[in-house]
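Worksheet: one structure, shown below.
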Amino acid sequence: MILDKLFQLMAEKQASDVYISAGAPIHIKIQGNTVPVNQQTMDPATIERIAAELMSADQARSFAQNHEMNLSIGIPGVGNFRINLFRQRGSISVVIRYIQGNIPPLDQLGLPPVLSELIMAKRGLILIVGSTGSGKSTTIASMLDYRNTHRSGHILTVEDPIEFLFKHKKSIVNQREIGMDTADWDAALKNAMRQAPDCILIGEIRDKTTMQAALSYAQTGHLCLATLHANNSYHALNRIINFFPLENRTALYLDLSVTLKAIVSQRLVKKPDGKRFPAVEILLNTRHIQELIERGEINGIKEAMEQSLAPGSQTFEQDLFRLYRENTITLDEALANADSPTNLSWLINNSDLGVPAQADATDPAPVVTDLTQSIPSFQEFKITLSEE
C-alpha cells in the first residue's frame, strides 16, 4: 500500500493525525503541533491514487456520489487508522487519525478513578463529550475494556467507523460498523435490543433519533455509552435539548433526569515537556442535579457542580487547579483551558498557592522547528506510486 510507510511513521512517532491535501506537503500532528513531513508537494493525481487504494469498490461508488467517506484500516503490529476522505476545491483531501492497536488500561490514562465505577453500572446513560481530538475514543475504549475484563455479559458497539478492536474476555464483544455490518444507524439501533446487549456503545449522538435510542436503552435496563461533540456538561445538555422540539421537552427533561448517570467531559492539556494529559469534568447525576434537569433548569448545573460534595464530581476548573497544584501543567496552560479563568484564579488565590507574578518558569513545549529537527526520518520520507 502506498501509505504503509506513513502509517508506520505515525505509529513510531505517536502522531495523532496526518493531513494530505493537493498543493501542500503531507503534514503530521505530534503532541498537538502540526509539521510537514518533507517538502514534497502532493499533486491531485497522487492523492486520487491514494484514495483509490484506501477504498473498496462500494466505498468508491459512495464517495463518487456523496464526496465524503469515513473508513478504518487495521494493520497488525502497527495500529488502527480512522480515515476521512473529502473533496475540497475540486480535489480529494485525506485526514488520517492514528488509533493505537492496544487499548490502554484505564488506570494508565490519568483519568479519575470514578470512571471505573461508572462503567460497571448495570443501567443508565453515560455521555463522553469533548472536541475532536480530545481523547474521547481512547477513554471509551479503555472503559469498555475494563468492563470486558471484570464483568461477564454482552457488549455491543455501533460505530462509524470501528476504531479499537476488542478481544472477548469475560464479556462477548460484538462490534458493528455502519456501511459494512449494517446499512445505517437507524437499522443498527432498531435491531440492537434483539441482540440482547448488557452494555451498548453508540459511537456518536448525531440527532434526535440517536438520542432517543440512547434514552430508550438506558430506560430498559441497559448501560448505554455514547459520545457527543460538546465543550462541557452544560453545552452537552443544551445540545441534547435542542435536538427536540419545544413540545417534547418536558418529557425529555423527565427521561434525562431518570436515565442519565454521568457526563464526562474531556480536553487534553499540554505538560511542560509538550506531552498531553487529560483534564476532566465529571457531572454525576446526584439528587440535586436530577431535580434541576427534571425542571429544565440547565443554567443552574454549573453552579451546582461547583458546590457539589459528591465524591467524583468535578468541574474543569477544579481539575485544572489540581493539575496546576501538582505541577503537571503551568499556570498559563491551566488558565487557557478553563471554562472560567476567573473561577480558576479564585481557586488559586484562595489556596495556599496564590497566583505567582508570572507563569511557571519551566521549559517550554517543543516548537514546530524542534519537532522536525528531532525526527530524522522526515528528511527521507517520500510517497511514491511504485511502493507496494
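So the sequence shown is numbered by this note's numbering: it starts at -3 and just counts up by one.
For glycine and all other residues, C-beta sits at the position ideal for the given N, C-alpha and C.
Take the Cβ of residue i as the centre, count every other Cβ of all protein chains shown within 10 Å, and call the residue buried at 16 or more, exposed below.
i             : result
glutamate 322 : exposed
serine 229    : buried
serine 52     : exposed
serine 304    : buried
threonine 338 : exposed
glycine 131   : buried
arginine 93   : buried
alanine 188   : buried
methionine -3 : exposed
serine 347    : exposed
arginine 83   : exposed
glycine 86    : exposed
histidine 126 : Note on identity: in this sequence residue 126 is glycine, with histidine being the wrong assignment. With 16 or more Cβ atoms within 10 Å of its Cβ, glycine 126 is classed as buried.
alanine 353   : In this prediction, alanine 353 scores a pLDDT of 40, lower than 50, which makes its location untrustworthy; the coordinate-derived value is nonetheless stated afterwards. Alanine 353 is exposed by the Cβ-count criterion.
alanine 183   : exposed
proline 193   : buried
serine 261    : buried
threonine 246 : exposed
arginine 291  : exposed
threonine 206 : buried
glutamate 329 : buried
aspartate 54  : exposed
So, for residue i: in the same chain, excluding its five sequence neighbours on each side, which residues have a beta-carbon less than 6 Å away from its beta-carbon?
i              : result
isoleucine 22  : Ile16, Val33
aspartate 359  : Residue placement at aspartate 359 is poorly supported in this model, since its pLDDT is 42, which falls under 50; the coordinates still yield a value, given next. These residues qualify, in order along the chain: Pro268.
isoleucine 115 : Met139, Tyr142, Arg143
isoleucine 158 : Ser68, Gln171, Glu173
If you follow the alpha helix (DSSP H) that residue i is part of, which residue opens it and which one closes it?
i              : result
isoleucine 236 : 229 to 238
histidine 284  : 283 to 290
glutamate 118  : The question names glutamate, but residue 118 is lysine in the sequence shown. Neither: lysine 118 is in no alpha helix (DSSP H) and is coded neither H nor E.
glutamate 388  : No information on residue 388 is available, as it lies outside the stretch -3 to 384 that the chain covers here.
lysine 25      : Segment 21 to 26 is the beta strand (DSSP E) holding lysine 25; no alpha helix (DSSP H) there.
asparagine 80  : Run containing asparagine 80: none in the alpha helix (DSSP H); it sits in the beta strand (DSSP E), 75 to 84.
arginine 143   : 132 to 146
isoleucine 43  : 40 to 50
leucine 5      : 0 to 9
threonine 206  : 204 to 215
isoleucine 196 : Element bounds for isoleucine 196: not the alpha helix (DSSP H) but the beta strand (DSSP E), 195 to 198.
alanine 330    : 327 to 333
Under the criterion of a Cβ to heavy atom distance below 8 Å, does residue i qualify as lining the ligand GTP?
i           : result
alanine 232 : In the structure shown, the ligand GTP is absent, as is every other ligand, since no ligand is present at all.
With residue i as the anchor, note down where its beta strand (DSSP E) starts and where it stops.
i              : result
leucine 264    : 256 to 266
methionine 65  : 64 to 71
valine 14      : 13 to 16
leucine 280    : 272 to 280
alanine 184    : It is not in any beta strand (DSSP E) - alanine 184 instead sits in the alpha helix (DSSP H) that spans 181 to 187.
glutamine 36   : 29 to 37
serine 304     : Neither: serine 304 is in no beta strand (DSSP E) and is coded neither H nor E.
isoleucine 168 : 167 to 173
threonine 338  : Threonine 338 -> not in any beta strand (DSSP E); alpha helix (DSSP H) instead, spanning 337 to 345.
In whole angstroms, give me the CA-to-CA distance for residue i and residue j.
i              : j                 : result
glutamine 191  : leucine 121       : 19 Å
aspartate 13   : alanine 300       : 37 Å
valine 74      : phenylalanine 240 : 42 Å
aspartate 251  : leucine 224       : 18 Å
alanine 355    : asparagine 333    : Interpretation of alanine 355 is limited by its pLDDT of 42, a score under 50 that renders its predicted location unreliable; the figure taken from the coordinates is listed afterwards. Their Cα atoms are separated by approximately 14 Å.
alanine 210    : isoleucine 259    : 14 Å
serine 309     : valine 110        : 9 Å
isoleucine 237 : alanine 226       : 13 Å
alanine 361    : leucine -1        : At alanine 361 the pLDDT is 40, less than 50, meaning the model places this residue with poor confidence; the figure from the coordinates comes in the next sentence. Answer to the nearest angstrom: the Cα atoms are 29 Å apart.
glutamate 200  : leucine 185       : 12 Å
leucine 367    : alanine 11        : Annotation note: pLDDT 47 at leucine 367 (below 50); position unreliable, coordinate value reported separately. Answer to the nearest angstrom: the Cα atoms are 11 Å apart.
valine 169     : leucine 221       : 14 Å
threonine 216  : valine 254        : 12 Å
alanine 48     : leucine 161       : 25 Å
proline 72     : glutamate 64      : 27 Å
valine 31      : isoleucine 24     : 6 Å
valine 91      : isoleucine 46     : 12 Å
arginine 119   : arginine 272      : 32 Å
leucine 5      : glycine 70        : 15 Å
asparagine 80  : asparagine 295    : 36 Å
alanine 7      : histidine 146     : 29 Å
threonine 123  : isoleucine 289    : Position check: residue 123 holds leucine in this sequence, whereas threonine was assumed. Cα-Cα distance, rounded: 15 Å.
arginine 235   : glutamine 36      : 42 Å
leucine 349    : glutamine 208     : 46 Å
For residue i, I'd like the list of residues in its chain whose CB is within less than 7 Å of its CB, leaving aside the five on either flank, ordered along the chain.
i              : result
alanine 275    : Arg263, Val265, Phe312, Asp315, Leu316, Leu319, Asn333
leucine 107    : Thr135, Pro274, Val276
alanine 18     : Met38, Asp39, Pro40, Ile43, Ser87
glutamate 302  : Thr311
glycine 149    : Ser167, Asp194, Cys195
isoleucine 278 : Pro108, Val110, Ala258, Val260, Gly308, Ser309, Gln310
Considering only residues of the same chain and omitting the five flanking positions on each side of residue i, which have a CB-CB separation below 8 Å?
i                : result
alanine 357      : With a pLDDT of 38 at alanine 357, under the threshold of 50, the modelled position of this residue cannot be trusted; read the value that follows with caution. For alanine 357, where only same-chain residues beyond five positions count, there are no Cβ hits under 8 Å.
phenylalanine 77 : Phe3, Met6, Ser68, Ile69, Gly70, Ile71, Ile92, Arg93, Tyr94, Ile95
valine 154       : Arg172, Ile174, Thr178, Trp181, Ala184, Leu185, Ala188, Ile196, Leu197, Ile198, Gly199
Is there contact here, the region 138 to 146 with the region 162 to 172, by at least three beta-carbon pairs under 8 Å?
-> Counting Cβ pairs under 8 Å, three or more are found: they touch.
Decide if the region 282 to 295 is in contact with the region 314 to 321; the criterion is three or more beta carbon pairs, one per stretch, under 8 Å apart.
-> Two segments are said to touch when three or more pairs of C-beta atoms, one from each, lie closer than 8 Å; by this definition the region 282 to 295 does not touch the region 314 to 321.
How do the region 54 to 67 and the region 28 to 42 stand: do at least 3 beta-carbon pairs fall below 8 Å, yes or no?
-> Short answer: they don't touch.
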